[in-house]
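Heads up: the protein sequence lines correspond to chains A and B, in order. In case it helps, my numbering puts the first sequence at residues 1 to 404. In case it helps, my numbering puts the second sequence at residues 1001 to 1321. Okay, so here's the structure we're looking at.
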Amino acid sequence: MYFIKQCGYLWLTVFTGLSLLFGTQVDAKSTVKPASLLTVNIAMLAQLDKPAINLLTIDPMVLDKGELGAELAIQENNITGEFIGQSFALKKFIVPANANAETVFNEHIAGKFNYLVTLLSPEKTLAIADLAQHQAMLILDAATVDDSLRNTACRDSVLHLLPSRAMRADALGQYAVKKRWHRWFLVVGAEPADQLFADALKRTAKRFNIKIVAEKQWSHTFDARKTAQAEIDVFTQIEDEYDVLVVADEQNLFGEYLDYRTWSPRPIIGTQGLSPVAWHPTHDLWGASQIQKRFKIQAGRWMNEQDYAAYLAIRALGEAVTRTHSIAWQALRNFMLSDKFVLQGYKGSALSFRAWDGQLRQPILLAAPRSLVAVAPIEGFLHPKTELDTLGYDAPESLCKRKE
Amino acid sequence: MKKCLYVVGLGVVLWAFNAEAETIFVSLEKDNSIAVVDPLAGKLLKTVAVGRRPRGIALSADAKFLYVAVSDDNTIKKFNADTLTELADLPSGNDPETFALSQVDKRMYVSNEDDSQVSVIDVDKNTVLTRIPVGVEPEGIAVSPDNKWVVSASETTNMVHWIETKTYTRVANTLVDPRPRALTFTADSKQVWVTSEMAGKLMILDAKTKQIIKELVFEVDGVTAEKIQPVGVLVDKKMQRAYVALGPANRIAVINVANLTVEKMLLVGARVWNIAFSADQKYLYSANGLSNDISIIDLEQLKVIRSVGVGTNPWGLAVKP
């Protein structure tokens, strides 16, 4: 017990008060002494975003990236750990937008940690994964959604916590099939990421026999944004009949303007309107209200996707250590990729990693701003192994050449 | 002739359902109230407002008092079980989800989900005796019939914590499969039956060694493993049969205790949650969270004989003889 507390005090910088209180109570109450002590040191490397344009002033700007989710998970891992002699410590490396994340990695993380949670751009995630290639390191990517990182550019040592764009597009596609929204009008933003989501949507359309009747590129002009009313009326006046307008605008630069302004009255789905997400404030099923509450009390705001991903990353490590009683990275990595690994993620199904690309299989929430509309996989989409694998790249389609 | 058949038929139905008159109280998580049901008549008698987000519900051993955990009001309310007039607020601690009552010494053990602890309350004096730290998100809680042990299951830590009632000390922790939800002691206090929602499993723990001694994985034809999420579990007094609610699989598994096999799967309402016996253990009642009803099961015939609509998100049940 004494050693657990020592480590706890040294490493846990934020919730020391709580763990201290807990620690002393445990000492007073528990007669169970863990036999030995395992300490798991986890590094977190996050690079802050360049300041984004905030279309909606009602949305609070969240500047920290996933940190608070990671801290909640460390705290929970340590509560469990105290019962069985395991302790978890998180060391955070937060670098500014213009700094070189690789340098920080080389100087402070390489050779010193076996476990790294990353909250980086896709390019930086890949760069760090390549630097870590010959090291005893498991990388838990809590930020990217890129399909390339899970296919041709996949890396053996990386696990991806957030659902890929393909998984999200498939979730949307399944719901569209259920609602018989077979004709899509696709509107794509000017950012490269928007094109990637549009590609995922096209893959989905092909899989589910959905027809993309028209595709238009939204090109930003100052005027267009100021006079959205007139502009969108004209922009959405197309010849073909369509059931839904599907928008790809990941940076939220124009998508919110579409609803209620289209020429024909049609629902908006995609990055705005009804959106496929890993986590959402409206989600309160399967015990989610419990973690939403815990997070909000500590963070003073709702949990976002990256918080959720960082939380899952560290909980996954905790679960693997608890089950294997080991902190050897190779053993943990193998266990996490095996079918014995099961993670509770407040989404109704047990979560696990796909051995072929390191992607966390998980249900996807289809949420409107104030209503949780559905959870994919949608009933009726079947799979011989697990229905969760109806979302995204299944083993036979995967382009990832990974050593399983 | 036809009329006669109807009368005979009605007679058979009445004969088949000859439970002693009793009352079922059902907590309705999203209606802020409890439903009062007459199972004999198969009728919802009334709905009574109790407070915000009622979940855990139980009667005192003498059936004079009804306790309801109203989680979002951070208290457990005590009612006169006959009149349903409110008598007191118990100092349950934050976010009491559910609780267990000792039938021997009027102690109440409360799972405080947000604070990762179990509160011990003297229900007569209305005071907190102590709070015991356990794992993250404690939910299922039970007192052994011999009053020696309290077991608490923590959903995120994935452990069963053993608390000795003599000293209110946590003396052991058993690691179980992910998301343990509900647990119950056998009548002889020798075993604890625990369900794991994520692994779709039932685990049997030995109260002496605190180890898992047996496991049972549930399978239902035509239902994927992901939908089989065991929750409420009960073992009958004679320890012949046990019953496990399987959540979104919409079924209750009937288990032969002697050889630990599933005898039958009973189709009930959607997302079946907690279950309760009738006083004579001839009937089983289930709270079906998503179809907003309760199912009434005849345990001699092993048949679902009736369902009664009760309100939004029924969570738990208490049966008053």
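The beta-carbon is built from N, C-alpha and C at its ideal position, and this holds for glycine as well.
What residues match up with residue i in a beta bridge as DSSP calls it?
{"i": "K179/A", "result": "In the DSSP output, where bridge partners are listed per residue, K179/A has none listed."}
{"i": "D1115/B", "result": "The partner list for D1115/B (beta bridge, DSSP) is empty, contrary to what the question assumes."}
{"i": "P276/A", "result": "L366/A"}
{"i": "F185/A", "result": "A214/A, L245/A"}
{"i": "G1247/B", "result": "V1272/B"}
{"i": "Y346/A", "result": "None; Y346/A has no bridge partner."}
{"i": "K91/A", "result": "A43/A"}
{"i": "M1159/B", "result": "S1154/B, L1175/B"}
{"i": "M1108/B", "result": "L1101/B, I1121/B"}
{"i": "V1136/B", "result": "Per DSSP, none; premise fails for V1136/B."}
Give the straight-line distance between the Cα atoms of residue i and residue j, rounded to the nearest whole angstrom.
{"i": "L21/A", "j": "N1250/B", "result": "Reliability of the predicted coordinates at L21/A is poor, the pLDDT of 36 falling under 50, and the value obtained from them is presented with this limitation in mind. Going by the C-alpha atoms only, they are around 42 Å apart."}
{"i": "S264/A", "j": "Q237/A", "result": "7 Å"}
{"i": "K124/A", "j": "D1293/B", "result": "53 Å"}
{"i": "F335/A", "j": "S326/A", "result": "10 Å"}
{"i": "E1086/B", "j": "S1307/B", "result": "29 Å"}
{"i": "L1260/B", "j": "L1216/B", "result": "7 Å"}
{"i": "K401/A", "j": "E1113/B", "result": "44 Å"}
{"i": "A1172/B", "j": "P1321/B", "result": "36 Å"}
{"i": "S219/A", "j": "A97/A", "result": "26 Å"}
{"i": "K178/A", "j": "I378/A", "result": "8 Å"}
{"i": "W202/A", "j": "Q195/A", "result": "What sits at residue 202/A in the sequence shown is Lys, not Trp. The straight-line gap from Cα to Cα measures roughly 10 Å."}
Using a Cβ cut-off of 7 Å (strictly closer), state whether residue i contacts chain A.
{"i": "M1203/B", "result": "no"}
{"i": "P1178/B", "result": "yes"}
{"i": "V1110/B", "result": "no"}
{"i": "T1312/B", "result": "no"}
{"i": "V1136/B", "result": "yes"}
{"i": "E1300/B", "result": "no"}
{"i": "S1119/B", "result": "no"}
{"i": "E1226/B", "result": "yes"}
{"i": "E1113/B", "result": "yes"}
{"i": "M1198/B", "result": "yes"}
{"i": "L1010/B", "result": "Because L1010/B carries a pLDDT of 45, less than 50, the predicted location of this residue cannot be relied on, and no value is offered for it."}
{"i": "N1173/B", "result": "yes"}
{"i": "T1157/B", "result": "yes"}
Taking Cβ positions, are residue i and residue j nearer each other than 7 Å?
{"i": "Q47/A", "j": "A101/A", "result": "yes"}
{"i": "T1098/B", "j": "R1053/B", "result": "no"}
{"i": "S275/A", "j": "A367/A", "result": "yes"}
{"i": "Q1281/B", "j": "D1236/B", "result": "yes"}
{"i": "L1302/B", "j": "A1276/B", "result": "no"}
{"i": "F353/A", "j": "L159/A", "result": "yes"}
{"i": "L337/A", "j": "A355/A", "result": "yes"}
{"i": "Y346/A", "j": "G69/A", "result": "no"}
{"i": "P1091/B", "j": "Q1117/B", "result": "no"}
{"i": "N151/A", "j": "L399/A", "result": "yes"}
{"i": "A129/A", "j": "R165/A", "result": "no"}
{"i": "V1176/B", "j": "V1160/B", "result": "yes"}
{"i": "A1270/B", "j": "P1314/B", "result": "no"}
{"i": "V1254/B", "j": "T1195/B", "result": "no"}
Quick check on residue i: buried or exposed, where buried means 16 or more other Cβ atoms within 10 Å of its Cβ?
{"i": "G392/A", "result": "buried"}
{"i": "Y260/A", "result": "exposed"}
{"i": "P1180/B", "result": "buried"}
{"i": "K1046/B", "result": "exposed"}
{"i": "E250/A", "result": "buried"}
{"i": "K340/A", "result": "exposed"}
{"i": "K1214/B", "result": "exposed"}
{"i": "K1227/B", "result": "buried"}
{"i": "K211/A", "result": "exposed"}
{"i": "G255/A", "result": "buried"}
{"i": "E397/A", "result": "exposed"}
Determine, using beta carbons only, whether residue i comes closer than 7 Å to chain B.
{"i": "V342/A", "result": "yes"}
{"i": "F381/A", "result": "no"}
{"i": "E71/A", "result": "no"}
{"i": "A350/A", "result": "yes"}
{"i": "I79/A", "result": "yes"}
{"i": "F83/A", "result": "yes"}
{"i": "Q25/A", "result": "For Q25/A, the pLDDT reaches just 35, beneath the cut-off of 50, and the residue's location in the model is therefore unreliable, although a value from the coordinates is still provided. So yes, Q25/A belongs to the interface."}
{"i": "E387/A", "result": "yes"}
{"i": "Q359/A", "result": "no"}
{"i": "Q290/A", "result": "yes"}
{"i": "E76/A", "result": "yes"}
Going by the C-beta, is residue i closer than 6 Å to any heavy atom of the ligand SAH?
{"i": "S148/A", "result": "Judged by which ligands are present, the structure shown has none, so any question about the ligand SAH falls away."}
In chain D, what lies closer than 8 Å to residue i by C-beta?
{"i": "K293/A", "result": "This model lacks chain D altogether; the protein chains it does include are A and B."}
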